[in-house]
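Asker:
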Amino acid sequence: MKILHTADWHLGKKLDRFSRMDEQIELMNEIVEIAESENVDLVLIAGDLFDTFHPPTEAVDLFYKTLKRLSLNGKRPVIAIAGNHDSPAMIDAPDPLARECGIILIGQPKAIVSPLILEDFKISKTDQGFIELELNDYHYPVRLLHTAFANEVRLKEFFGENKEDELNLSLKNSWKSLADKYCDQKGVNLLMTHLYMNKRGTVPLDEPDGEKPIKIGNADMIYSDAVPPQIQYVALGHLHGHINIGTEHCPVIYSSSPVAYSFSESGQQKSVTIIEAFPDEKVSYRNINLKKGKQLFRKTFTSIDEAETWLIANPETLVEVTIESDTYLKAEDNKRIFQAHNGIVYLIPKIKSQATSETSSTKSIDVTADIQELFFDYFKAKNAGQEPNEEIITLFDEILKS
9 MKILHTADWH LGKKLDRFSR MDEQIELMNE IVEIAESENV DLVLIAGDLF
59 DTFHPPTEAV DLFYKTLKRL SLNGKRPVIA IAGNHDSPAM IDAPDPLARE
109 CGIILIGQPK AIVSPLILED FKISKTDQGF IELELNDYHY PVRLLHTAFA
159 NEVRLKEFFG ENKEDELNLS LKNSWKSLAD KYCDQKGVNL LMTHLYMNKR
209 GTVPLDEPDG EKPIKIGNAD MIYSDAVPPQ IQYVALGHLH GHINIGTEHC
259 PVIYSSSPVA YSFSESGQQK SVTIIEAFPD EKVSYRNINL KKGKQLFRKT
309 FTSIDEAETW LIANPETLVE VTIESDTYLK AEDNKRIFQA HNGIVYLIPK
359 IKSQATSETS STKSIDVTAD IQELFFDYFK AKNAGQEPNE EIITLFDEIL
409 KS
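Here it is, written out as structure tokens:
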């Protein structure tokens with residue numbers, strides 16, 4: 009059985025003032041094409057389907073059209089869970105219609121998915137946080153333990169309020185109970201969740217800039233050793249880079265977001281994960297790199313000419329530009345930089361530090377000195393010894409004359 013794992017679409021997300029919708033449309037087309045070319049049997053989308061609880065209309069439209077194409081109008085099951093950016097109610101709302109197209113939408117942890125019979129597959133067993141699928145092309149079922157993102161309020165509702173138990177233990181016991189009941193060696197056994205999971209004893213993984221941090225009461229981390237031994241593969245969402253925090257026996261995979269959404273992700277290769285699974289065997293998996301979407305760069309330059317040359321040579325990118333110089337950028341410098349590139353998200357001037365005796369805090373102040381001299385001293389004291397440029401001096405003179 010071949011399975012496609014993806015996550016963290018964040019449809020509707022912007023980078024500052026820059027819309028990413030055109031890129032997202034291209035990437036959704038690319039993911040559909042991969043599903044087709046790989047002839048996958050099942051698609052798992054591990055949360056953060058949208059970027060906000062109330063996504064724009066074009067993002068919602070893109071989401072449903074993409075799922076319908078992935079499902080082959082009901083021939084291929086597509087299962088998507090809510091992440092911490094998603095509204096559970098919004099994800100659940102279209103499920104009665106979506107399921108007729110083979111699309112299973114799960115907004116709440118421990119949700120009970122109703123049984124379903126379609127021409128090419130059926131949901132044969134269901135429980136809180138569990139479904140079993142039978143596909144016509146296979147003589148064995150696929151079992152999926154599913155846990156959509158849960159904030160503290162929802163966790164208390166679904167997992168109880170025993171303050172002596174950490175979330176990690178609650179989830180471990182819940183998953184173990186389901187796995188012991190349903191996951192024998194005669195089927196493919198999977199787990200999908202959108203939680204901040206790490207490998208015990210390792211340095212916590214960094215959440216990307218701009219990502220809502222997941223912090224759930226006093227237990228803000230789930231460890232991969234909570235996964236039941238029957239599980240063959242864990243499909244994670246939340247972190248935007250591809251990483252395996254599992255074992256050889258059971259990969260626990262963040263598949264990556266389809267596009268870089270913050271400059272902390274610059275340089276990351278985005279991908280989807282293809283899994284090949286059989287009952288009672290180790291799964292094999294591989295990444296397929298995504299080609300669409302603009303690359304993000306953090307670039308530092310020491311001259312305007314250097315910045316302009318690189319920007320002109322790399323037009324189809326989004327860039328955070330830092331200019332290191334001995335003085336402040338002039339208006340004409342800003343103009344040159346922005347004319348060289350249409351994708352400058354941030355322009356950061358960085359004044360080189362110069363420690364001089366003139367900036368010493370012990371320097372006495374001569375109140376009888378010329379006002380321009382006093383202004384020079386004040387400016388240098390506040391700006392690491394840098395003198396004001398001609399534009400600032402001209403502006404100061406105009407203020408004096410007004």
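Heads up: the sequence shown begins at 9 in this note's numbering, then just goes up one per residue.
Ideal Cβ positions, reconstructed from N, Cα and C, are used throughout, including at glycine.
#1: So for R84, helix, strand or coil by DSSP?
#2: Less than 9 Å between the beta carbons of G15 and S264, yes or no?
#3: Got a sec, what are the start and stop residues for the beta strand (DSSP E) P396 sits in?
#4: If distances are taken between C-alpha atoms only, which option among G137, T317, Q276 comes closest to L304?
#5: Once DSSP output is grouped into helix, strand and coil, what is the label at L408?
#6: To the nearest whole angstrom, what separates the beta carbons of A234 and L179, a pair I think is in contact under 8 Å?
#7: My understanding is that A5 touches H202, with C-beta atoms under 8 Å, so please give their C-beta distance in whole angstroms.
#8: Checking 9 Å against the spacing of the C-beta atoms, do P85 and I112 come in under that value?
#9: Find out if the Cβ-Cβ distance for the pair P266, W17 is shorter than 9 Å.
#10: What do you get for P104, buried or exposed, if any count of 16 or more other CB atoms within 10 angstroms of its CB means buried?
#11: How big is the Cα-Cα spacing for V68 and N181?
#12: For E333, write down the residues that DSSP places opposite it in a beta bridge.
#13: Whether or not the segment 250 to 265 and the segment 193 to 211 are in contact is what I'm after, with contact meaning three or more pairs of Cβ atoms, one per stretch, closer than 8 Å; do they touch?
#14: Can you give me the start and stop residues for the alpha helix (DSSP H) that E324 sits inside?
#15: For the beta strand (DSSP E) holding V51, just list the boundary residues, first then last.
#16: In chain order, which continuous runs of the beta strand (DSSP E) of length 3 or greater are located wholly inside the segment 95 to 122?
#17: Spatial neighbours of K409 within its chain, please: CB distance less than 6 Å, with the 5 preceding and 5 following residues excluded, ordered by chain position.
#18: With a 10 Å radius around its C-beta and 16 neighbouring C-beta atoms as the bar for buried, classify P212 as buried or exposed.
#19: At 4 residues or longer, what runs of the alpha helix (DSSP H) sit wholly inside the segment 238 to 323?
#20: Is it true that the CB of R344 sits closer than 9 Å to the CB of I312?
#21: Looking at C-alpha atoms only, which residue of L247, L337, C109, V327 is the closest neighbour of N397?
#22: Could you give the distance in angstroms between the alpha-carbon of L12 and the alpha-carbon of V51?
#23: Pull up the DSSP beta-bridge partners for R151, would you.
#24: In the DSSP assignment, find the unbroken beta strand (DSSP E) run with L12 in it and report its ends.
#25: For the alpha helix (DSSP H) that F346 lies in, which residues bound it at each end?
Answerer: Let me lay it out:
#1: On the sequence shown, position 76 is the one that residue 84 refers to. Of the three classes helix, strand and coil, the one that applies to R84 here is coil, per DSSP.
#2: Within the sequence shown, numbered from 1, the residue matching residue 15 stands at position 7. Within the sequence shown, numbered from 1, the residue matching residue 264 stands at position 256. Reading off the sequence, residue 15 comes out as Ala, not Gly. Contact: yes.
#3: Translated into the one-based positions of the sequence shown, residue 396 becomes position 388. According to the DSSP assignment, P396 belongs to no beta strand (DSSP E), since it is labelled neither H nor E.
#4: Position 296 of the sequence shown holds residue 304. Of the candidates G137, T317, Q276, the one whose C-alpha sits nearest the C-alpha of L304 is Q276.
#5: As a working note, residue 408 is residue 400 in the sequence shown. Here L408 sits in helix by DSSP.
#6: Sequence index remark: in the sequence shown, residue 234 carries index 226 (1-based). Sequence index remark: in the sequence shown, residue 179 carries index 171 (1-based). With 8 Å as the limit, A234 and L179 qualify as a contact, their Cβ atoms being about 6 Å apart.
#7: Any question about residue 5 goes unanswered here, given that the chain covers just 9 to 410.
#8: Translated into the one-based positions of the sequence shown, residue 85 becomes position 77. Translated into the one-based positions of the sequence shown, residue 112 becomes position 104. Contact flag set, yes.
#9: Your numbering for residue 266 matches position 258 in the sequence shown. Your numbering for residue 17 matches position 9 in the sequence shown. In this structure, W17 lies closer than 9 Å to P266 by Cβ.
#10: Taking the first residue of the sequence shown as position 1, residue 104 is located at position 96. P104 is classed as exposed because its beta carbon has fewer than 16 other beta carbons within 10 Å across all chains shown.
#11: As a working note, residue 68 is residue 60 in the sequence shown. As a working note, residue 181 is residue 173 in the sequence shown. Between V68 and N181, the C-alpha separation is close to 35 Å.
#12: Here residue 333 refers to the residue found at position 325 of the sequence shown. A small fix is needed here, since residue 333 is Ser in this sequence, not Glu. I359, per the DSSP bridge assignment.
#13: Output reads yes: the segment 250 to 265 touches the segment 193 to 211.
#14: On the sequence shown, residue 324 is found 316 positions in, with the first residue counted as 1. Per DSSP, E324 belongs to no alpha helix (DSSP H) and is neither H nor E.
#15: On the sequence shown, position 43 is the one that residue 51 refers to. Counted as a single uninterrupted DSSP element, the beta strand (DSSP E) harbouring V51 occupies residues 50 to 53.
#16: Fully enclosed beta strand (DSSP E) runs of no fewer than 3 residues occupy 111 to 114 of the segment 95 to 122, in order along the chain.
#17: If you number the sequence shown from 1, residue 409 lands on position 401. Excluding positions up to five away in sequence, the list is empty.
#18: Numbered from 1 along the sequence shown, position 204 holds the residue referred to as residue 212. Result: exposed.
#19: Considered as a whole, the segment 238 to 323 harbours 312 to 321 as its complete alpha helix (DSSP H) runs of no fewer than 4 residues, in chain order.
#20: The count along the sequence shown starts at 1 and reaches residue 312 at position 304. The count along the sequence shown starts at 1 and reaches residue 344 at position 336. In contact: I312 and R344 (Cβ atoms closer than 9 Å).
#21: As a working mapping, residue 397 is identified with position 389 in the sequence shown. Out of L247, L337, C109, V327, L337 has the C-alpha closest to the C-alpha of N397.
#22: As a position in the sequence shown, residue 12 is number 4, starting the count at 1. As a position in the sequence shown, residue 51 is number 43, starting the count at 1. Their Cα atoms are separated by approximately 5 Å.
#23: Start at 1 with the first residue of the sequence shown, and residue 151 comes out as number 143. Beta-bridge pairing links R151 to E140, N197.
#24: Position 4 of the sequence shown, counted from the start, is the residue given in the question as residue 12. Here the beta strand (DSSP E) through L12 covers 10 to 14.
#25: Along the sequence shown, one-based indexing puts residue 346 at 338. For F346, the uninterrupted alpha helix (DSSP H) run begins and ends at 339 to 348, by DSSP.
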